[in-house]
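**Q**
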Amino acid sequence: EVQLLESGGGLVQPGGSRRLSCAASGFTFDSYAMTWVRQAPGKGLEWVSAITGSGTRTYHADSVKGRFTISRDNSKNTLYLQMNGLRAEDTAVYYCAKDLAGDVGGFDYWGQGTLVTVSS
Amino acid sequence: NFMLTQPHSVSESPGRTVTISCTRSSGSIASNYVQWYQQRPGSSPTTLIYEHNQRPSGVPDRFSGSIDSSSNSASLTISGLKTEDEADYYCQSYDRSNQVFGGGTKLTVL
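Those sequence lines, one after another, are chains A and B.
Residue 1001 in this note's numbering sits at position 17 of the first sequence, and the numbers go up by one each step.
Residue 63 in this note's numbering sits at position 59 of the second sequence, and the numbers go up by one each step.
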C-alpha cells in the first residue's frame, strides 16, 4: 500500500524558513518523480515543485523560484521542500504527491498534507 | 506557460449525468496527458482519471474522461450522480517543466 506522510508544518514568521518532509512507502521510491502541491485556505490547488526519480532534475513554479528548493534522499525514501524567505501568501496546506512516472506528469497518490502558516 | 480553465461550479440532481470541462489556453490538449482529481471537503485530493481516460483501480466506472482536440479541452463525465460525489474537481496537465492545475469546479448534487 502506497503511503505518503508529510511533516514539518507549523507557524513561521515572515522571512523565516521551514523544511517539509514527506516519508514514502509502498513503492520503489527512486523510480518515480515526486511533487509538492499547495492549497491556500479556501483556494484551489497550486503546483509548487517537482523532482525526477533520480533527483537529477528539479522544477519550481515561478511563485517560489529562488526561495524554495525541492530535494530527495532515495536511501531514506524521503522527499523534502526547503522553504526560505517565507511570505504570508505561502500560507497553505502542502501536499506531497507521487507522480505516475519518472519525470513531470500526473499524480496517482497524495499525502494528507501539512499546514504552513506564515504570520507574525 | 498555459492555463487550464474550468467552470467555477456545476449542479445536477442525483441519478443524472454531469460533464465538467477543462480548456487549455495554448498548446494542444492532446500533447500532454490530462488528469482529474476529486477533493471532498476537509480531505486530500484523490486521483479519478489519469492519462486522459484511465481510471485507477477502485474508481467506479461512473467516472470517465475524454479529450476533444477541436475545442482543445478535456472533460470529466460523472454518470448516475450520488450525493457523495459532491466535491471539488480539478483537471491537471503539464509541459516540459511545469505542472498546471485548473481552478477547480465545485459540484453540487441536489
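Beta carbons: idealized from backbone N, C-alpha and C, even for Gly.
Between which two residues does the beta strand (DSSP E) holding A/H1044 run?
**A** For the purposes of this step, residue 1044 of chain A is identified with residue 60 of the first sequence, where counting begins at 1. Per DSSP, A/H1044 belongs to the beta strand (DSSP E) from 1042-1044.
**Q** Thinking just about the alpha-carbon of each residue, which of A/S1001, A/D1083, A/G1095, A/S1038 is nearest to the one in A/T1075?
**A** Counted from its first residue, the first sequence places residue 1075 of chain A at position 91. Taking only the C-alpha atoms, the option nearest A/T1075 is A/S1001.
**Q** If you draw a straight line from the C-alpha of B/T27 to the C-alpha of B/I71, how long is it?
**A** Against the second sequence, residue 27 of chain B aligns to sequence position 23. Against the second sequence, residue 71 of chain B aligns to sequence position 67. Taking the straight line from one Cα to the other gives about 10 angstroms.
**Q** Report the residues of the segment 1072-1101 of chain A with a CB closer than 7 angstroms to any CB of chain B, ordered along the chain.
**A** Y1079, L1084, V1088, G1089, G1090, F1091, D1092, W1094, G1095, Q1096, G1097
**Q** With respect to the beta strand (DSSP E) encompassing B/L111, which residues constitute its N-terminal and C-terminal limits?
**A** Locating residue 111 of chain B in the second sequence gives position 107, counting from the first residue. Counting along the chain, the beta strand (DSSP E) containing B/L111 begins and ends at 109-113.
**Q** Taking Cβ-Cβ distances shorter than 9 angstroms, what residues in chain A pair up with B/P49?
**A** As a first step, residue 49 of chain B must be located in the second sequence, where it is residue number 45. The answer, in chain order, is V1021, Q1023, L1029, Y1079, A1081, F1091, W1094.
**Q** Taking contact to mean at least 3 C-beta pairs separated by less than 8 angstroms, is the segment 1009-1017 of chain A in contact with the segment 1085-1096 of chain A?
**A** yes
**Q** Might you give, ordered along the chain, the residues of its own chain that have their beta carbon closer than 6 angstroms to the beta carbon of B/K110, omitting 5 neighbours on each side?
**A** As a position in the second sequence, residue 110 of chain B is number 106, starting the count at 1. Answer for B/K110: S13, D92, listed in chain order.
**Q** State yes or no: is the C-beta of A/L1029 within less than 8 angstroms of the C-beta of B/Y37?
**A** As a position in the first sequence, residue 1029 of chain A is number 45, starting the count at 1. As a position in the second sequence, residue 37 of chain B is number 33, starting the count at 1. It is not a contact, given that the beta carbons lie outside the stated cut-off.
**Q** Mind pulling the chain B residues with CB within less than 7 angstroms of A/A1034?
**A** As a first step, residue 1034 of chain A is located in the first sequence; it is residue number 50 there, counting from the start. Within chain B, the residues near A/A1034 are Q103.
**Q** Just mark A/A1008 as buried or exposed, buried being the case when its beta carbon has 16 or more other beta carbons within 10 Å.
**A** Mapped onto the first sequence, residue 1008 of chain A falls at position 24. Flag for A/A1008 reads buried.
**Q** Using a C-beta to C-beta distance shorter than 9 angstroms, which residues of chain A count as neighbours of B/Q39?
**A** Taking the first residue of the second sequence as 1, we reach residue 39 of chain B at position 35. By Cβ distance, chain A contributes L1084, G1089, G1090, F1091, D1092.
**Q** Going along the chain, which residues of its own chain have a beta-carbon closer than 8 angstroms to the beta-carbon of B/F105, five neighbours each way excluded?
**A** The residue you call residue 105 of chain B lines up with position 101 of the second sequence. The answer, listed in chain order, is L8, Y94, C95, Q96.
**Q** From B/G69 to A/L1084, what distance separates their C-alpha atoms?
**A** Start at 1 with the first residue of the second sequence, and residue 69 of chain B comes out as number 65. Start at 1 with the first residue of the first sequence, and residue 1084 of chain A comes out as number 100. Their Cα atoms are separated by approximately 17 angstroms.
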